[in-house]
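Trainee: Protein chains in written order, with this note's numbering: chain X, 1017 to 1331; chain R, -17 to 237; chain P, 490 to 884; chain E, 4 to 309.
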Amino acid sequence: MMPALSLRNIVVALLLLMLLLVPVYALVVGNNFVLSLFTRIVILAIAATSLNLIMGYGGMVSFGHAAYLGIGGYMVGILAYEGILSGFVQWPLALLVSALIAFVIGLLSLRTRGVYFIMITLAFGQMIYYVGVSLNRYGADDGLTIYRRSNFAGLLNLSNKTVFYYFCLLLLLATIYLTWRLVNSRFGMAIRGARSNDRRMHAIGFPTFRYRLTCFVIAGTICGLAGVLLANHTDFISPAVMHWTRSGDLIVMVVLGGMGSLFGPLIGTVAFLALEEVLSGITEYWQIIFGPMLLAIVLFARGGIDGLLAGIRRG
Amino acid sequence: MADALLRVAELTKRFGGVIASEGVALDVADGELHAIIGPNGAGKTTLIGQLTGEIAPDSGRIYFAGQDITALPTHQRSAIGMARSFQITSLFLDMTVLDNVALAVQAHAGHSFRFWTPARSERALRAPAQAALARVGAADRGNVVVADLSHGEHRQIEIAMALATRPRLLLLDEPMAGMGPEESARLVNLLRELKKEYTILLIEHDMEAVFALADRISVLVYGRVIATGTPAAIRVNPEVIQAYLGEQQAVTGHG
Amino acid sequence: MRKTLVAASALLALAAGPGATSALAQQKSVKIGFVSTFSGPTAVIGNDMRNSFDLALDHIGRKMGGLPVEVIYEDDQQKPEVGLQKTQKLIESDKVDFVVGYIWSNVLLASLKPVLDSKIFLISSNAGPSQIAGELCNENFFSTSWQNDQTPQAIGHYMNQKGVKTVYLLGPNYAAGKDMLAGVASTFKGKVIGQDLTKWPDQLDFSAELTKVKAAKPDALFVFYPGAAGVQFLNQYVQSGLKGQVPLYTAFTIDSLSLPRQGENALGIPGAQHWVNDLPNAANKKYVADFKAKHKAYPSFYGAQSYDAVGLINSAVVAAKGDLTKKDVMRAEMRKANYQSVRGPYKYGNNHFPIQNFYLQDVVKDADGKLTLKTVATIIKDSQDEHAKKCKMKW
Amino acid sequence: MLLFVEQFLNGLQFGLLLFLLAAGLTLVFGIMDLVNLAHGSLYMVGAYFAATFTAWTGHFVGGVLLALVATLLVGMAVEVIAMRRLYGRDHLDHVLATFGLILFFNELVRLIWGPAGMNLTLPPWLNTAVEILPGVYYSMYRLSIIVVALAVATGLYLIVMRTRIGMLIRAGASNREMISALGINIKLLYTFVFGVGAALAGLAGLMQAAILTAQIGMGENILILAFVVIIIGGIGSIRGAFIAAIFVGLIDTVGRAFLPDILKLALSPAAAATAAPALSSMLIYLVMAIILVVRPAGLFPAPGSR
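Below is the structure:
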């Protein structure tokens, strides 16, 4: 991490500065929606960063990653519905359940490769989606409104929008930092090796399955955390956040920003939501522009925005 | 004869109706350089696949240092000291040379559930990797991304990675494939050096190299070992000459 | 460097939207946010609502209590969290005085909290989930439509009148679908001999279910399939040969939007509705005639409810003489339902859902040979939903 | 028993429809190694073409044939303009690029035909029920779907197994270099195969349109099922796709038809009523997950595919 004055580092620095100043801006112009919008961006960026860990660094293209958003969210929603409001109970439990489910899905899915892996994660994602749809006690597909946010015994007031925003931002930065430590550690090297050439990894003595599974579980847990935040942000959770198209959105965010790049998912999330906002402002038929744009990114900018900024082509 | 480090007994593998290995028996003595030769389609690749654990044999057993490893998964064979280089270069193309070799060191430096310390600054990984690179004469190539290397250099790195796992046995699958004469000659010299420290099972097409290096040679034809012996014995073995007539005029032929 | 800074602040300004500049302009106009579905296949419904809402505003000269009316339409994409986000934008960025619309129960339920937290009036012009009619009722929420149970209950009554003894129920497996089937079962006095909930919105092929109906041989079949699913269901009902064997009763399956595509398939199939385009009151005649003249089609009940929403809001703004801070005055006025509703006069229950008549509608051909809906009879007068009892609000 | 026969036919019809969609998908996948999410868009385009052309010509069969040709041409155009550039790329690239195409096609259709969807009206001779067994009537149209799809499946089988093109296709599925070694114009072959796949998807779409009407986004949900089919069957294998398609069609229908009753044996009626729809929605995914856990490359992995 050399703080060289490259275009890419300047953009990242400006982006972070902008994220830091969002609440100030919202205060000055008296518009809380900006804060809401950016809280959402930051939360989704956490989810995208977690997907990037398995997809960008580990080569595991999960088409069911949005499921963990729902699992984390539903744990908060269900516990709140049952009267358990303490964040000290809700949050660890939500993360634990996300991790457990990721473990089971990973255990079964990681036996497959390539498109088979994409499709089996999709299948598990859809199964969890339909579990959500059949939760009659918790609103089924109508979703569940969360009337009170997680309570941290006065240590942290999540109902204060500015506090909540900075808390999410802190967690995003922590996630990115964690990713950075992780991918450069021995564990990270093993994961990247498995992505690059799994056969060779076995030949030099790596039992890669356990490392890939661990990575899968870590990513699921972090995405579960994003789900916890999302539920607290929207005061609402429904199966819709787990639909396969949502998993597709997450993939698009990661690739748009730049796979296997630390800040790529953040850049991608901002760009994705900004594009949606700008294009839908231009025409009702905005997807007729957005669709070919995706195609163009695949064809001409394989490293995503981050790759364009860095001016190098990634594999 | 010294104790066999690797012993293969009655190894048989069929793919559908095609017999790839039929009752293969093989002894690689500790310290020797044992070469396997055979015409195309003789089942060399299938044999090495079974030795490394990527292909499960239908029947037969494989012993390494006295231990039955027939059912052992690939990564554990590496752990007990079997290292392999690939015929078709199989490296981590998007990483640097040193990263590649360091990974091989890491594989044998305990488990990799270490999440925090940057692996690239661990001397315990980098120093042995650098040593392995130096051993194959690529000490100055450490920071080059593998994809940018030449074919010959890829072959060097293949061997460096195998060495970095601190093996007792090197399984070298056609290390000279696709090399020019000059590069081949350098590699022969390298192997001659390595031979002093490692037991080597060499599968190779380059007859000149094989006969120059090998202590013993086994000849594989249609999945069977038809002969095993010193280069001198193999050279005059009528069965071997017979088997090779279609492919080369004589086993001793230059080139 | 300078350039990127400019770009960054531009992005911020963009996210802020137009509200950033007009935050103080509030009292000069009545700002209404309208959330509905304007993309995807169900955009047909959203467009009908928008057209009717616009028409109603034209009819009052686009002024309420002397203030000009400004409407901001937002597309919820039929997704709860998008609806929620758009609703938040309307409240926090556009700073609207009323939020109106909502086709889908789940979108409405997701968006409810921020609206009510900010003490803004929420007028649902379609969705009427039981929770909001019951324990979640709120003084700032009003419905110009109906509660989910009411319409199917009316159909249950009607089947009793027709002497139906056994019925098979079919609907999509989501909250409104389950409400509908439960609604029919609650008033139907005969026997429910079979019931299937189908995957929603993915499942559009009903062959397995129709075969089961055929085997069960009920006196009647009741279905609830809103929107395009209604077209597809009728198609398959006819192809399976069930039409003529098992009479069909419907709720929200045949309406002015689906009818042109259901065509002859829909002829003679009854449904229950609180509003039909031929209701003989003056407001309705003007609405339907002007709508037909402008859009060359009959309006749907979705449209009628949206048209009424303008009437309701207008009555409140007029009563407060344009002072939109007088929430109590506006609320008291809206509770009287003191405006010309196209369904005719109705009252509000304590939960702010209408107490209203339900009619039997049939599909007939109009003078031009076009298919349309016709009121056949009044099934039930002044129907109030069951959930009102669970609402603690009293006034 | 009669109920069972009819439900079996329902499942068979659905399965065969899935096969038509899956066949193109698995061919393109097996030969060009291309994941094409936009295959469902061609299914949708076929439906809209058929609805338009039958209304325009006033003739059902004529309209359908025109629609097939039109979809074939659209497919070939898509191949030449976009897909061709994606060969040899990462599967993730395919997923992303063709996801973009889905968005494009959905909006294009909305722009051209409007959001409301379209009807494909059946001629009277198809819009009836026939007596297939004494006392058992079945929809004539669904029966003709079964017949047409079976005929197409047989034709495909013959082409793939007996003809020169079929040999090339099989060779491509197992050995990409071999075709070029044979001196065949690969570009042309790929465009052709993609076009045929598109026409098959279009055929599935237009046949479905008479039952379900043509809708925007109609291809997406069924595309996921078609993917499930080719994954279960083993990518690249026409035979696998056929068997898996029938299997999935039957499971789906049987699940919807009999699961509530089966669950009632084990659960209370109320619990069964809630569990059955959820379980039948999940059933196919559950089956696919189980199959992949046991056989990570599907039931019939094509030779040479990884």
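Don't be surprised by glycine CBs; every beta carbon is placed ideally from N, CA and C.
If you measure beta-carbon to beta-carbon, which residues of the segment 585 to 598 of chain P are closer than 9 Å to chain E?
Mentor: The residues in question: there are none.
Trainee: Given a cut-off of 8 Å on the beta-carbon distance, is the pair residue 1055/X and residue 1184/X in contact?
Mentor: In this structure, residue 1184/X lies closer than 8 Å to residue 1055/X by Cβ.
Trainee: For residue 188/E, count neighbouring Cβ atoms within 10 angstroms of its own Cβ and tell me buried if that reaches 16, exposed if not.
Mentor: Exposed is the call here.
Trainee: Could you tell me whether the Cβ atoms of residue 1206/X and residue 94/R are closer together than 8 Å?
Mentor: Yes, Cβ-Cβ distance for residue 1206/X and residue 94/R is below 8 Å.
Trainee: According to a CB-to-CB cut-off of less than 8 Å, which residues of the segment 1136 to 1154 of chain X neighbour chain E?
Mentor: The residues in question are 1136, 1138, 1139, 1140, 1142, 1143, 1146, 1147, 1149, 1150, 1152.
Trainee: Does residue 565/P come within less than 8 Å of chain E when only Cβ atoms are used?
Mentor: Not an interface residue.
Trainee: Any residues in the segment 60 to 74 of chain R with a beta carbon nearer than 8 Å to a beta carbon of chain X? Which ones, in chain order?
Mentor: Here the close residues are 60, 61, 65, 66, 68, 72, 73, 74.
Trainee: Should residue 323/E go down as buried or exposed, given a rule of 16 or more other Cβ atoms within 10 Å for buried?
Mentor: Outside the modelled stretch of chain E, which goes from 4 to 309, sits residue 323/E, for which no answer is possible.
Trainee: At what residue ranges does the segment 1177 to 1240 of chain X contain a whole run of the alpha helix (DSSP H), taking only runs of 4 or more?
Mentor: Here the runs fully enclosed are 1177 to 1200, 1202 to 1212, 1214 to 1219.
Trainee: I believe residue 129/R touches residue 66/R by the beta-carbon criterion, under 8 Å. Please report the beta-carbon distance rounded to the nearest angstrom.
Mentor: Going by Cβ atoms, the distance from residue 129/R to residue 66/R rounds to 22 Å, so no, they are not a contact pair.
Trainee: Rounded to whole angstroms, what is the Cα-Cα separation between residue 54/E and residue 691/P?
Mentor: Distance between the alpha carbons of residue 54/E and residue 691/P is about 21 Å.
Trainee: Given a cut-off of 8 Å, decide if residue 22/E and residue 244/E are closer than it, judged by their beta-carbon atoms.
Mentor: Yes.
Trainee: For a cutoff of 8 Å on Cβ pairs, would you count residue 618/P as touching chain B?
Mentor: No chain B appears in the structure shown, which is made up of the protein chains X, R, P and E.
Trainee: Under 9 Å, CB to CB, which of the residues in the segment 777 to 809 of chain P have a partner in chain X?
Mentor: Result list empty, no residue passes.
Trainee: Taking residue 660/P as part of the beta strand (DSSP E), name the residues at either end of that continuous run.
Mentor: First-last of the beta strand (DSSP E) with residue 660/P: 655 to 661.
Trainee: What residues from the segment 269 to 287 of chain E come within 9 Å of chain P, judged by C-beta to C-beta, listed N to C?
Mentor: If the cut-off is 9 Å between Cβ atoms, the segment 269 to 287 of chain E has 276, 277, 279, 280, 281, 283, 284 near chain P.
Trainee: Which bits of chain R does residue 1114/X rub up against, with CB to CB less than 7 Å?
Mentor: Going along chain R, no residue has its Cβ under 7 Å from residue 1114/X, so there is no contact; the nearest lies around 18 Å.
Trainee: Looking at C-alpha atoms only, which residue of 526/P, 600/P, 530/P, 539/P is the closest neighbour of residue 1253/X?
Mentor: Of the listed residues, the one whose Cα sits closest to residue 1253/X is 600/P.
Trainee: Can you pull the chain X neighbours of residue 100/E, defined as C-beta to C-beta under 8 Å?
Mentor: Correct list: 1310, 1311, 1314, 1315.
Trainee: Just grab the DSSP bridge partners of residue 16/R for me.
Mentor: Beta-bridge pairing links residue 16/R to 183/R, 198/R.
Trainee: Between residue 972/X and residue 176/R, what straight-line distance do the alpha-carbon atoms span, to the nearest angstrom?
Mentor: Since the displayed chain X opens at 1017 and closes at 1331, residue 972/X lies outside it and no answer follows.
Trainee: Kindly confirm or deny that the segment 131 to 143 of chain R and the segment 113 to 121 of chain R touch, where touching means at least three C-beta pairs closer than 8 Å.
Mentor: Contact holds: three or more Cβ-Cβ distances are below 8 Å.
Trainee: For chain X, find out if any of its Cβ atoms is closer than 8 Å to the Cβ of residue 46/R; answer yes or no.
Mentor: By this cut-off, residue 46/R is not an interface position.
Trainee: Would you please verify whether the beta carbon of residue 11/E is less than 8 Å from any beta carbon of chain P?
Mentor: Residue 11/E does not count as touching chain P.
Trainee: Count the C-beta pairs between the segment 86 to 101 of chain E and the segment 25 to 39 of chain E that are closer than 8 Å, then say yes if the count reaches three, no if not.
Mentor: Contact between the segment 86 to 101 of chain E and the segment 25 to 39 of chain E is present, because at least three Cβ pairs lie under 8 Å.
Trainee: Determine whether the beta carbon atoms of residue 1201/X and residue 99/R lie at a separation below 8 Å.
Mentor: Yes, they are a contact pair.
Trainee: For chain E, find out if any of its Cβ atoms is closer than 8 Å to the Cβ of residue 1107/X; answer yes or no.
Mentor: No, residue 1107/X lies away from the interface with chain E (no Cβ there is under 8 Å from its Cβ).
Trainee: At the 8 Å Cβ level, is residue 1196/X part of the contact set with chain E, yes or no?
Mentor: No, residue 1196/X does not count as interfacial toward chain E.
Trainee: I want to verify the contact list: residues of chain P whose CB lies under 9 Å from the CB of residue 1161/X, in sequence order.
Mentor: In chain order: 598, 599, 601, 602, 620, 625.
Trainee: At least one CB of chain X closer than 8 Å to the CB of residue 241/E: is that the case?
Mentor: No - not a single Cβ of chain X is within 8 Å of the one on residue 241/E.
Trainee: Which residues does DSSP pair with residue -4/R in a beta bridge?
Mentor: Partner(s): 1/R.
Trainee: Taking only three categories from DSSP, how would you classify residue 684/P?
Mentor: Three-state result, residue 684/P: strand.
Trainee: If you measure between the beta carbons of residue 1035/X and residue 1058/X, is that distance less than 8 Å?
Mentor: Contact flag set, yes.
Trainee: Can you list, in chain order, the residues of its chain whose CB lies under 8 Å from that of residue 192/R, leaving out five sequence neighbours each side?
Mentor: 17, 19, 184, 186, 199, 213.
Trainee: So residue 692/P is in the alpha helix (DSSP H); what residue range does that whole segment cover?
Mentor: Per DSSP, residue 692/P belongs to no alpha helix (DSSP H) and is neither H nor E.
Trainee: Under DSSP, the beta strand (DSSP E) around residue 521/P begins and ends at which residues?
Mentor: Here the beta strand (DSSP E) through residue 521/P covers 519 to 525.
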